[in-house]
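Colleague:
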Amino acid sequence: MRGYGVKKIVTTCPHCFNTLKNEYPQFGGDFEVVHHSEFIAQLQAQGKLKLAGQGAPNGQAARAGQGKLGGTVTYHDSCYLGRYNNVYAQPREIVKGALADGGRFVEMARNHGKSFCCGAGGGRMWLEESHGKRINEMRVDQAVETKAETVVTACPFCLTMFTDGVKAKELTEKVKTMDLAEVVAGRLKTE
Numbered sequence: 072m073r074g075y076g077v078k079k080i081v082t083t084c085p086h087c088f089n090t091l092k093n094e095y096p097q098f099g100g101d102f103e104v105v106h107h108s109e110f111i112a113q114l115q116a117q118g119k120l121k122l123a124g125q126g127a128p129n130g131q132a133a134r135a136g137q138g139k140l141g142g143t144v145t146y147h148d149s150c151y152l153g154r155y156n157n158v159y160a161q162p163r164e165i166v167k168g169a170l171a172d173g174g175r176f177v178e179m180a181r182n183h184g185k186s187f188c189c190g191a192g193g194g195r196m197w198l199e200e201s202h203g204k205r206i207n208e209m210r211v212d213q214a215v216e217t218k219a220e221t222v223v224t225a226c227p228f229c230l231t232m233f234t235d236g237v238k239a240k241e242l243t244e245k246v247k248t249m250d251l252a253e254v255v256a257g258r259l260k261t262e
């Protein structure tokens with residue numbers, strides 16, 4: 072990467088973010104490493120990325136019904152983004168900024184530094200549990216306790232684990248799972 076003159080790396084994966092940011096420097100890989108939640112928040116703060124409804128009179132969307140994130144929404148902190156790298160504020164700011172009128176953001180009981188793993192870490196994504204409940208199903212239970220209709224995360228592994236947990240719990244008609252980038256894409260201004 073140094074041979075190509077790479078200076079900045081944007082990643083959607085918190086695991087890659089952690090490795091590139093905290094481990095590559097030990098091997099001479101000194102790059103600016105940014106998670107996509109930080110990058111999106113930075114673009115919004117600079118006015119380079121605007122969501123429908125931002126700057127519109129009374130917070131109205133640019134076009135009626137465009138990409139609204141409605142109902143009750145919760146956010147899941149992935150281990151490598153939150154606990155390992157202290158990225159908590161930017162994802163929440165993005166989710167809250169994408170809420171439609173009447174939308175409500177709620178925290179799960181276990182959040183920020185006390186968040187509960189989605190179950191993908193340590194290869195659990197590919198293994199079946201031989202004792203007890205699957206971790207992702209336990210985390211889905213915690214999300215459901217908030218009465219959230221949408222669970223947002225900023226990690227592809229967490230998204231897969233939540234989607235699988237929601238299916239296993241037969242809640243696909245009641246609970247939607249989304250990546251933070253999907254939330255933003257659904258609210259981009261098109262004009």
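Numbered by this note's numbering, the letters in the sequence shown go through residues 72 to 262 in order.
Beta carbons: idealized from backbone N, C-alpha and C, even for Gly.
Just to check my reading of the structure: Arg258 and Gly236 have Cβ atoms closer than 8 Å, yes? What is that Cβ distance to the nearest angstrom?
Modeller: For the purposes of this step, residue 258 is taken as the residue at position 187 of the sequence shown. For the purposes of this step, residue 236 is taken as the residue at position 165 of the sequence shown. Not confirmed; about 26 Å, so no contact.
Colleague: Start and end of the alpha helix (DSSP H) containing Lys238?
Modeller: Position 167 of the sequence shown holds residue 238. Run containing Lys238: Pro227 to Ala239, per the alpha helix (DSSP H) assignment.
Colleague: CB-CB under 7 Å to Tyr159, same chain, minus the five flanking residues each way: which ones, in chain order?
Modeller: Translated into positions along the sequence shown, residue 159 becomes position 88. Asp148, Gly153 and His183.
Colleague: Give me the Cα-Cα distance between Lys119 and Val246, rounded to the nearest whole angstrom.
Modeller: As a working note, residue 119 is residue 48 in the sequence shown. As a working note, residue 246 is residue 175 in the sequence shown. Rounded to the nearest angstrom, the two C-alpha atoms are 32 Å apart.
Colleague: By how many angstroms is the C-alpha of Val81 removed from the C-alpha of Tyr155?
Modeller: Position 84 of the sequence shown, counting from 1, holds the residue named residue 155. Position 10 of the sequence shown, counting from 1, holds the residue named residue 81. C-alpha separation (whole angstroms): 17 Å.
Colleague: Do you know offhand how far Arg181's Cα is from Tyr146's?
Modeller: The count along the sequence shown starts at 1 and reaches residue 181 at position 110. The count along the sequence shown starts at 1 and reaches residue 146 at position 75. Cα to Cα, Arg181 sits roughly 11 Å from Tyr146.
Colleague: Buried or exposed, going by whether 16 or more other CB atoms sit within 10 Å of the CB of Tyr151?
Modeller: Within the sequence shown, the letter at position 80 stands for residue 151. So Tyr151 counts as buried.
Colleague: Using the Cβ count rule (16 or more neighbours within 10 Å means buried), how would you classify Met249?
Modeller: Numbered from 1 along the sequence shown, position 178 holds the residue referred to as residue 249. Result: buried.
Colleague: Only counting the same chain, and skipping five residues up and downstream in sequence, which positions put a Cβ closer than 8 Å to that of Val255?
Modeller: Here residue 255 refers to the residue found at position 184 when the sequence shown is read from its first residue. Answer for Val255: Ile111, Leu120, Leu122, Ile165 and Ala169, listed in chain order.
Colleague: Using the Cα positions of Asn129 and Gly174, report the straight-line distance between them to the nearest angstrom.
Modeller: Sequence index remark: in the sequence shown, residue 129 carries index 58 (1-based). Sequence index remark: in the sequence shown, residue 174 carries index 103 (1-based). For Asn129, the predicted structure reports a pLDDT of 41, less than 50, and the residue's modelled location is therefore unreliable. A value from the coordinates is still provided. Computed Cα separation, rounded: 15 Å.
Colleague: So, for Cys87: in the same chain, excluding its five sequence neighbours on each side, which residues have a beta-carbon less than 8 Å away from its beta-carbon?
Modeller: Within the sequence shown, residue 87 is the residue found at index 16, counting from 1. Excluding sequence neighbours, Cys87 sits near nothing in its chain.
Colleague: Report all residues from its chain with a CB closer than 6 Å to the CB of Val105; omit the five preceding and five following residues, and keep chain order.
Modeller: For the purposes of this step, residue 105 is taken as residue 34 along the sequence shown, with counting starting at 1. Cβ neighbours of Val105 beyond the five flanking positions: Val81.
Colleague: Identify whether Tyr95 lies in helix, strand or coil by the three-state DSSP scheme.
Modeller: Numbered from its first residue, the sequence shown carries residue 95 at position 24. DSSP places Tyr95 in helix when its eight states are reduced to three.
Colleague: What does Asp250 pair with, by DSSP beta-bridge criteria?
Modeller: In the sequence shown, residue 250 corresponds to position 179, counting from 1. Partner(s): Thr224.
Colleague: From the DSSP secondary-structure annotation, give me the bridge partner or partners of Ile80.
Modeller: As a position in the sequence shown, residue 80 is number 9, starting the count at 1. Paired residues: Val104.
Colleague: Rounding to the nearest angstrom, what Cα-Cα distance links Val144 and Val222 in this structure?
Modeller: Taking the sequence shown and counting its residues from 1, the one referred to as residue 144 is at position 73. Taking the sequence shown and counting its residues from 1, the one referred to as residue 222 is at position 151. Whole-angstrom Cα-Cα distance: 6 Å.
Colleague: Quick one: give me the first and last residue of the alpha helix (DSSP H) that His86 is part of.
Modeller: Counting from 1 along the sequence shown, the entry for residue 86 is found at position 15. Here the alpha helix (DSSP H) through His86 covers Pro85 to Asn89.
Colleague: Check each candidate in Leu230, Glu216 and Asp172 and name the one with the smallest Cα separation from Gly190.
Modeller: Sequence index remark: in the sequence shown, residue 190 carries index 119 (1-based). When each option's Cα is compared against that of Gly190, the closest is Leu230.
Colleague: Within 10 angstroms of its Cβ, does Phe98 collect 16 or more other Cβ (buried), or is it exposed?
Modeller: Numbered from 1 along the sequence shown, position 27 holds the residue referred to as residue 98. Label assigned to Phe98: exposed.
Colleague: Nearest to Phe233 by alpha carbon, out of Pro162, Ile206 and Asn157?
Modeller: In the sequence shown, counting from the first residue as 1, residue 233 sits at position 162. The candidate whose alpha carbon is nearest that of Phe233 is Ile206.
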